[in-house]
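Here is the structure we will look at, set down as structure tokens.
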């Protein structure tokens, strides 16, 4: 009984001791104070890290080339397009701009870079080259990408780049190395592009590498080549008397079918070739049609180059070279064909018949002459 009474007294004492006396109040009375947490006061205005006006970055993406060419350039699988990315800073101070490339239909592997930094002064413009290379599995069609710029205390306007991929209508790739006998024959003809190409290669002996690639695009657009050939030989050597590397290659681009009117014949019979690096490129999709031949060779034996361009009523160009012995040569031949010929006209004919066909002005003043000119125009359009 005494133990129960003692427990009740202890419980009552704890209930009455919940308030602690900390001393006298301002008026001398006794008061109880409970501790409260500290709450710091915040200023009514927080200063911005970007004081003054913000910089404004404007980005533009343009294909490298003359402005007269189409805004959306053309490319084939495995080739490279070159763009120029320009960043203009309209702000009051210099900005370190971070450029980023993004696209919904171009893999990042196609771009030479996806992020890069540029120091752009106030009121100035800085540029960076961007290469785009669709892979060999790229699907033909239009593509686009965006380049945006970011920086401290900046706003930006992104730029957009566009291009179109054309399918290869024909591709042939050969790469060999070894010792023995090898023979290759190719014959490519396309009426749509006015191309005729023949190639025969035969060797007996040993070679470290022999590479021959050909690509054809019918109805190519822009600066896409209609026909492209790449040819390389590394360290060919005859092993026995009678061994040789023999080749005959000919190419023709017919002006009647939209080509440049160029012909090229290359022939060689060598016993040793340290190296050969050759390319032939025909382009008719742009305003300036071109046929370009380049070769660099180191050889011992016989080598011939015969090239010509004939456009009726405009020009005739011919080159012929033969080598017999040990030589190292570096040759480049470039043919262009941008029609500039306008036949003379007489007074009323210049007004009444400004164009017959493509750039043909009739010089006729009689009905029979006009009839002949009309027939000539119909023939030129039919071919």
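Residue numbers (this note's numbering): 33 to 415.
C-beta: ideal position from N, C-alpha, C; glycine also.
Pair within 7 angstroms by beta-carbon distance, residue 183 and residue 127: yes
**residue 256 to residue 224 span [Cα, whole Å]** = 15 angstroms
**Contact check, residue 121 vs residue 152, beta carbons under 7 angstroms** = yes
Per DSSP, what kind of secondary structure is residue 242 in: helix, strand or coil?
strand
| Taking C-alpha atoms, which residue in 204, 133, 337 and 343 lies nearest to residue 351? | 337
In angstroms, rounded to a whole number, what distance separates the CA positions of residue 95 and residue 282? 34 angstroms
Q | Cβ-based burial, residue 108 [other Cβ within 10 Å; buried from 16] | A | buried
Are the CB atoms of residue 307 and residue 263 within a distance shorter than 7 angstroms? no
Query raised in the report: Going by other Cβ atoms of all chains shown within 10 Å of its Cβ, with 16 needed for buried, is residue 274 buried or exposed?
Result: exposed
Spatial neighbours of residue 321 within its chain, please: C-beta separation below 6 angstroms, excluding the five flanking residues on both sides. 292 and 369
- prompt: What's the C-alpha gap between residue 342 and residue 294?
  reply: 7 angstroms
### Distance between beta carbons of residue 276 and residue 302, contact taken as under 8 angstroms
7 angstroms
message: For a quick check, are the C-beta atoms of residue 131 and residue 165 less than 7 angstroms apart?
response: no
| query | So, helix, strand or coil for residue 174, using DSSP? | reply | strand
- Item | residue 140 - DSSP class collapsed to helix/strand/coil | helix
- Return the chain-ordered list of same chain residues with a C-beta closer than 6 angstroms to the C-beta of residue 234, the five sequence neighbours on each side being excluded. 215 and 278
Three-state secondary structure (DSSP) of residue 192: strand
* Asked: When the distance is taken between beta carbons, is residue 114 closer than 7 angstroms to residue 163?
  -> yes
For residue 216, which of helix, strand or coil comes out of DSSP? strand
Cα separation between residue 249 and residue 202? 7 angstroms
- With 16 as the cutoff for other CB atoms within 10 Å, does residue 316 come out buried or exposed? buried
* Exposure label - residue 365; buried when at least 16 CB within 10 Å -> buried
Worksheet item: Where residue 309 and residue 268 are concerned, what is the direct C-alpha to C-alpha distance, given to the nearest angstrom?
Response: 13 angstroms
ask   = What is the rounded straight-line gap between the Cα of residue 227 and the Cα of residue 299?
value = 19 angstroms
- Item | Proximity winner among 254, 258, 360 and 169, relative to residue 99 (alpha-carbon distances) | 254
Notebook entry, point to check: Can you tell which of 305, 156 and 240 has its C-alpha closest to the C-alpha of residue 210?
Noted result: 240
- Task: Would you check if the distance between the CB atom of residue 271 and the CB atom of residue 238 is smaller than 7 angstroms?
- Result: yes
Report the rounded CA-to-CA distance for residue 386 versus residue 344, giving the unit in angstroms.
-> Annotation note: pLDDT 40 at residue 386 (below 50); position unreliable, coordinate value reported separately. Using only the alpha carbons, I get a separation of about 21 angstroms.
Fill in: Where residue 96 falls: helix, strand or coil (DSSP)
coil
Q | Inter-residue spacing [alpha-carbon to alpha-carbon] between residue 125 and residue 92 | A | 20 angstroms
*Nearest neighbour of residue 330, chosen from 357, 258 and 175 [CA to CA]*: 357
Problem set entry | DSSP state of residue 261 mapped onto helix, strand, coil | strand
What does the alpha-carbon distance come out to for the pair residue 103 and residue 194? 8 angstroms
- request: Let me know if residue 140 comes out buried or exposed under the rule of 16 or more other beta-carbons within 10 Å of its beta-carbon.
  value: exposed
State yes or no: is the C-beta of residue 313 within less than 7 angstroms of the C-beta of residue 260?
yes
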